[in-house]
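What follows is a set of notes on a single structure, which appears directly below.
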Amino acid sequence: MSKHLPFFFYLYHLISSPNLAFASSASNSLTEAQALLKWKASFVNHTSHNPQLHSWIYLPGTKNATNPKTKASPCIWTGISCNAAGSVTNISIANSSVQGTLHEFSFLLFPNLKYLDLSLNNLFGVIPPQISSLSKLSYLDLSNNQFSGRIPPEIGRLRNLTFLYLHKNNLSDVIPPSIGRLTSLVYLALSYNQLSGLIPSSLGDLVNITKLYLGLNNLSGTIPKELGNLKSLVDLDLSDNQLIGSIPTSLGDLTSLSTLYLYENNLFGIIPKEIGNLKSLVDLELSKNQLSGSIPTSLGNLTNLSILSLFTNKLSDTIPKEIGNLKSLMHLALSQNQLIGSIPTSLGELTNLSTVQLFANKLSGTIPKEIGHLKSLVDLDLSMNQLTGSIQTSLCNLTNLSTLNLFTNKLSGSIPKEIGNLKSLVLLDLSQNQLNGLIPSSIGDLTNLSSLFLIGNKLSGSIPQEIGNLLKLTELQLCDNNFVGYLPQNICQGGSLTKFVVCNNSLTGRMPKNLKTCSSLLRVRLDGNHLTGNISQDFGVYPKLAYIDLSHNNLYGEISHNWGQCPNLTTLLLAGNNITGSIPPELGNATQIHKIDLSSNRLVGKIPKEIGRLNSLVKLRLDGNKLSGSIPSEFASFVDLEYLDLSTNKLNESIPSILGNFLKLTYLNLSNNEFGQGIPFQLGRLVQLSKLDLSHNLLEGKIPSEISNMKSLEILNLSHNNLYGLIPISFQDMRGLVDVDISYNDLEGPLPNNTAFQNAPVEALQGNKGLCGNIRFLQPCNKQNSKKDRNLVDLITFPIVGALALVSAIFVFAFLAQRKHKDQHTEEKNKDEEISFSVLNFDGKSIYEEIIRATEDFDSKYCIGNGGHGSVFMANLSSSKIVVVKKLHLRCSDDQNFQKEFLNEVRALTEIRHRNIVKLLGFCSHHQHTLLVYEYLENGSLATKLSNEEEAKELGWNKRVNIVKGVAHALSYMHHDCSPPIVHRDISSKNILLDSKYEAFVSDFGTAKFLNPDSANWTALAGTYGYVAPEFAYTMEVNEKCDVYSFGVVTLEIVMGRHPGDLFSSLSSSSSSSALPTQQIPVVDILDHRISPPTHEVAGEVLSLVKVALACLNSIPQSRPTMKQVSQNLSTQRPHVSNLLPLTTCGELLALNDLTI
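Using full-length UniProt numbering, you'd call the opening residue of the sequence shown number 1 and step up by one each time.
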């Protein structure tokens, strides 16, 4: 081998020669320079001036071109660094306005590249898999570009990578599991992309990682428990994805964790108590998930925590007092959960707090005075809870407070005058409470205040003039209080007012002077007051105004043409004033208007055709004026119109066929005008119409059969016209029709066979010459009627002329009484005559005798019920008609004054016509007994149905809800629509009857006062045991509130399937501070278990029934709702709350302060 040594020495010398090594490095440098220039040439903007890459040029003819420091080498280019050999190691051209791809980047030609930063450019396309050839790469930043496609799995070969930034691109597909091989990785940022699929469990192998950001993607599946292996992790962000499942307890092992972001996912289950082990945690954000259970007390161990955000979950139970241990806490957000109990006083120890958000929970009790210790507090939001008591004066010590939200609670007392100390306050919202007293004048000291909301309280007195000092005020909303006096005269002194809302008070006087020039206004509501002034002089031009409501005041004058100069106006409501003159044509210039209501004024003249320019109009009300002329043809542009009311004017000519083009119309009322000719058949196109009222006009001709195309129609009124002919047979297909009135026309023939016509009251059909049908009040269409049938028809139709006959009856009684005194020997004869005259509008003696025959002189075998008022018999007349006869136990039946009183009372009762009240068909008065004749209802009493196991199962939840609604509507009618009001006195399940379709009918009303006070039945005056209001025991006074209480009992009985017994008394007697066991009962547990629990919409209806029932059972009569309120509430559509039904307790429903669910 020795002979070869000289050769090896020569070879070693050759390789070691500096000139040769330098030549090799120069060659590499040249290759890299050419590769970079080739990549630069591929940029979309490579020809434009780019100062960051201006140095990227190659000068091959330069002297000493082989020197790496010359311009032939990239090492001196901007953003390029090289090693000692002149090979590129760093490329950093972040934020260099580069627009292009990586397709022309030759990764293989950069073997020594360690650092690549291309962030904050406009690079797009895919990340090439060839990037894996950069084997020495330790830092890769492609963030803030527009890269798309998937993350190449080959990236897992970059074993030296410690920093990988791919965030804020458009990357999609899954996170490649191969990333788990990058065990040197310290920082991984993939957030703000469109990555999907699961989080690979292999990420748990990145044992050196300190920052892991995967937020704002579309990742799904569960959080891998393997992430608990990342003991060095400081920041973990998995937020804003679609992750499901529970939070793995293994995360409690990440003891170095400072930030944990899991918000905005679909995580459920409890918050693991192990989170309390993360002693280094500074920021914990788990909001906007579906986490349930209680807040673990172990969170009190996180003494370094600055931010605790758990809002918008399903957390329940109380706020743990251990929260008071978090002395570093600055931001506390627990809002929009189901937290109960009181606010812990320990919060007052967290003196670094700047934000406290506890709104939209079920917190109760008073506001702790200790919150006044939080001198750093800027934002305090305790709204939408059930807090009681007064506003603590200690809150007025929070001089840094910018936002104070206490709305929608049960706070009472007055607004403390010390509120004027909150000089930093920008927003103050105390709406929807029970605050009373005056607005303190010190409110004028809040010079930074921008928004003041005091809606829906019991505040009184005048609005302080000092509010005019608030020069930064943009929103003032004081609706639904008891304010009186004048509006502040300098209300817009600062020129910033955008929303001025003081509706539904008792304010008087003129408009503030500077309101006319307040050009900043966006929304104005002054409706429902007693304000006066000339509407044409007190208001100006408002370029930003979108909504104004001046309805129901005492404004006068004419509508100004200035309203047409408000280009952004969408709603103009001026109803219920004393406005005169005509509608200005200039109003047609406000082309953004959606709603106009000028009803109930004294407007005259024609409807201007210029109104037709308002092609965005959705609602138009001009009713209750004195407008004349025709409906302009220009109305044809109203293609979006949904509501049109032109009733009670003097409009004439014909109804234009263009109305048939308003395909979105749901309400059309042209009644009480002078329209002539026929009903245009084009109206049949209005398939979304729910109410059509053409009554009280001069319409003639036949009813167009096309009307039957209105499949959504519920209410149809064609009464008081000159219509003739047959009712179209196609009307029987109008299954949605509920209420119909065709009275006082010249219609004839059979009624359509549908519910609305078949159940129509006599008043809706009378005044036509030839209607017939096999229903009450009408002659059968078969002309072969027996005399007895006609007698029954007369009995059933007697209310039509009942009043006249009753007057006659009174005179007859008086006459008979006189004859009795003159001739005692003719007494029996007089009594026989009394029979025939006491039955109204038919052969009384004949019908009386038929009732006696049908019941075999009231034999007990025909008795179907006994009550405090009398006995009830079923009579099957010879015509095969069945009626119900109630034989009353009357007092003083021989007393002449009583007979007159009885006649007057029954006359009042016969005038009652409601679809949910059993119809009183007539009566007979006899010296031995007095009878009331009612319609027969096939399904008997509600009490009977509920007590029978099989029949109760037929009463599904829909039927039960409708039964309660029917009873509520009937009582509302009796209490609020009858004059004088009628108190039932004995609402119970026995007195609610059901027809063949399970529609509810209230019976046995208004007759209790006829009972004999000396009889054993006198207690019926107070109602049935178990249904009587508690106050009757000591007041002996029966009024509407007694009916309300009884209704509450019946409603619970319908829901529970049995009498509620002591349930309601134990609920209503509890205090807010201590819940009785019955209060903790879930509503679902008290429901009738003989039928399946309600779901979907019906669940919301049933919850509403229980809530309404509990409100009606309030032990304080004055605190019970009226039946009108109940009826309206039950008519409101309910949301789908089937998921809340198992979670809602009776006590929670009882605690609500209104009738909403």
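Beta carbons are placed, not taken as given, at the ideal position from N, Cα and C, and that holds for glycine.
Cβ contact (3+ pairs, closer than 8 Å) linking the stretch 1099 to 1111 and the stretch 936 to 952: These segments do not touch.
According to DSSP, residues forming a beta bridge with residue 922: Numbered from 1 along the sequence shown, position 922 holds the residue referred to as residue 922. Answer by DSSP bridge pairing, in chain order: 933.
Residue 874: first and last residue of the uninterrupted beta strand (DSSP E) it sits in: The sequence position of residue 874 within the sequence shown is 874, counting from 1. Where residue 874 is concerned, the enclosing beta strand (DSSP E) stretches over 870 to 876.
Pick from 600, 555 and 525 that is closest to residue 534, judged by C-alpha positions: On the sequence shown, position 534 is the one that residue 534 refers to. The shortest Cα separation from residue 534 among 600, 555 and 525 belongs to 555.
Given 8 Å, three or more beta-carbon pairs between the stretch 725 to 735 and the stretch 956 to 966: No, the stretch 725 to 735 does not touch the stretch 956 to 966.
Sequence ranges, beta strand (DSSP E) only - wholly within the stretch 153 to 191, length at least 3: DSSP runs (the beta strand (DSSP E)) wholly in the stretch 153 to 191: 163 to 165, 170 to 174 and 187 to 189.
Extent of the continuous beta strand (DSSP E) run through residue 556: The count along the sequence shown starts at 1 and reaches residue 556 at position 556. First-last of the beta strand (DSSP E) with residue 556: 554 to 558.
Helix, strand or coil at residue 1045 according to DSSP, with G and I counted as helix: Here the question's residue 1045 lines up with position 1045 in the sequence shown. Secondary structure at residue 1045: helix, using DSSP grouped into helix, strand and coil.
Proximity to residue 527 [Cα-Cα], best of 217, 514 and 505: Taking the sequence shown and counting its residues from 1, the one referred to as residue 527 is at position 527. Of the candidates 217, 514 and 505, the one whose C-alpha sits nearest the C-alpha of residue 527 is 505.
CB of residue 233 within 8 Å of CB of residue 247, strictly: Along the sequence shown, read from residue 1 onward, the residue named residue 233 stands at position 233. Along the sequence shown, read from residue 1 onward, the residue named residue 247 stands at position 247. No; because the gap between Cβ atoms is not below 8 Å, this pair is not in contact.
Exposure of residue 1094, with buried meaning 16 or more beta-carbon neighbours within 10 Å: Here the question's residue 1094 lines up with position 1094 in the sequence shown. Residue environment for residue 1094: buried (at least 16 other C-beta atoms within 10 angstroms of its C-beta).
Under the three-state DSSP convention, the category residue 547 falls into: For the purposes of this step, residue 547 is taken as residue 547 along the sequence shown, with counting starting at 1. In the structure shown, residue 547 sits in a strand (DSSP, three-state: E or B).
Closest by C-alpha distance to residue 975, when choosing among 100, 861 and 1123: Along the sequence shown, read from residue 1 onward, the residue named residue 975 stands at position 975. Checking every option, the nearest Cα to that of residue 975 belongs to 1123.
Paired residues, beta bridge with residue 195 - DSSP: Residue numbering aside, residue 195 sits at position 195 when the sequence shown is read from its first letter. When beta bridges are read from the DSSP output, residue 195 appears opposite 173.
Other residues of its chain near residue 433: CB distance less than 8 Å, five sequence neighbours each side excluded: The sequence position of residue 433 within the sequence shown is 433, counting from 1. Once the five neighbours on either side are set aside, the close Cβ partners of residue 433 are 406, 407, 408, 409, 410, 411, 412, 456 and 457.
Backbone CA spacing between residue 39 and residue 45 [nearest angstrom]: Locating residue 39 in the sequence shown gives position 39, counting from the first residue. Locating residue 45 in the sequence shown gives position 45, counting from the first residue. Between the C-alpha atoms of residue 39 and residue 45 there is a straight-line separation of about 12 Å.
Sequence ranges, beta strand (DSSP E) only - wholly within the stretch 573 to 606, length at least 3: 578 to 580, 595 to 597 and 604 to 606, all fully within the stretch 573 to 606.
Sequence-distant residues of the same chain with beta carbon closer than 6 Å to residue 169, five excluded per side: As a first step, residue 169 is located in the sequence shown; it is residue number 169 there, counting from the start. Within the same chain, 145, 147 and 193 come within 6 Å of residue 169 by CB-CB distance, once the 5 residues on both sides are set aside.
Beta-bridge pairing of residue 54 - partner residues as DSSP gives them: Start at 1 with the first residue of the sequence shown, and residue 54 comes out as number 54. Residue 54 pairs with nothing; no bridge assigned.
Alpha carbon of residue 991 to alpha carbon of residue 970, nearest angstrom: Residue numbering aside, residue 991 sits at position 991 when the sequence shown is read from its first letter. Residue numbering aside, residue 970 sits at position 970 when the sequence shown is read from its first letter. Roughly 13 Å between the two C-alpha positions.
Candidates 79, 305 and 938, of which the one nearest residue 282 by Cα: Sequence index remark: in the sequence shown, residue 282 carries index 282 (1-based). Nearest option by C-alpha distance: 305.
Limits of the beta strand (DSSP E) - the one that residue 1000 falls within: Here residue 1000 is taken as the residue at index 1000 of the sequence shown, counted from 1. Here the beta strand (DSSP E) through residue 1000 covers 1000 to 1002.
Reduced DSSP secondary structure (H/G/I, E/B, other) of residue 823: Your numbering for residue 823 matches position 823 in the sequence shown. Note that residue 823 scores a pLDDT of 41, beneath 50, so its modelled location is shaky and nothing firm can be said.
8 Å Cβ cutoff met for residue 765 and residue 772: As a first step, residue 765 must be located in the sequence shown, where it is residue number 765. As a first step, residue 772 must be located in the sequence shown, where it is residue number 772. In this structure, residue 772 does not lie closer than 8 Å to residue 765 by Cβ.
Beta-carbon separation (whole angstroms), residue 758 vs residue 747, contact threshold 8 Å: As a working mapping, residue 758 is identified with position 758 in the sequence shown. As a working mapping, residue 747 is identified with position 747 in the sequence shown. 16 Å between Cβ atoms; not a contact.
Alpha carbon of residue 496 to alpha carbon of residue 465, nearest angstrom: For the purposes of this step, residue 496 is identified with residue 496 of the sequence shown, where counting begins at 1. For the purposes of this step, residue 465 is identified with residue 465 of the sequence shown, where counting begins at 1. One C-alpha to the other measures close to 17 Å.
Beta-bridge partners of residue 667, as assigned by DSSP: As a first step, residue 667 must be located in the sequence shown, where it is residue number 667. In the DSSP output, where bridge partners are listed per residue, residue 667 has 643 and 691.
Residue 202 versus residue 141: straight-line alpha-carbon distance, rounded: The sequence position of residue 202 within the sequence shown is 202, counting from 1. The sequence position of residue 141 within the sequence shown is 141, counting from 1. Residue 141 has its alpha-carbon roughly 22 Å from the corresponding atom of residue 202.
Status (buried if at least 16 other CB within 10 Å, exposed otherwise) for residue 207: The residue given as residue 207 occupies position 207 in the sequence shown. Note on residue 207: under 16 other CB atoms within 10 angstroms of its CB, so exposed under the neighbour-count rule.
Per DSSP, cross-strand counterpart(s) of residue 1082: On the sequence shown, position 1082 is the one that residue 1082 refers to. Answer is 1145, bridged to residue 1082.
Proximity below 8 Å, CB of residue 252 to CB of residue 226: Counting from one through the sequence shown, the residue named residue 252 turns up at place 252. Counting from one through the sequence shown, the residue named residue 226 turns up at place 226. Their beta carbons are not under 8 Å apart, which means residue 252 does not touch residue 226 by this criterion.
Short Cβ contact (8 Å threshold) for residue 693 with residue 669: Residue mapping note: residue 693 aligns to position 693 of the sequence shown, counting from 1. Residue mapping note: residue 669 aligns to position 669 of the sequence shown, counting from 1. In contact: residue 693 and residue 669 (Cβ atoms closer than 8 Å).
Alpha-carbon to alpha-carbon, residue 359 and residue 133: Here residue 133 refers to the residue found at position 133 of the sequence shown. Here residue 359 refers to the residue found at position 359 of the sequence shown. Residue 133 and residue 359: Cα-Cα distance of roughly 55 Å.
Residue 1158 to residue 551 span [Cα, whole Å]: Because the chain spans 1 through 1157 in this model, residue 1158 falls outside it and cannot be assessed.
N- and C-terminal bounds of the alpha helix (DSSP H) containing residue 767: Locating residue 767 in the sequence shown gives position 767, where the first residue counts as 1. Bounds of any alpha helix (DSSP H) do not take in residue 767, whose DSSP letter is neither H nor E.
Contact check, residue 463 vs residue 488, beta carbons under 8 Å: The residue you call residue 463 lines up with position 463 of the sequence shown. The residue you call residue 488 lines up with position 488 of the sequence shown. With contacts defined as CB atoms closer than 8 Å, residue 463 and residue 488 qualify as a contacting pair.
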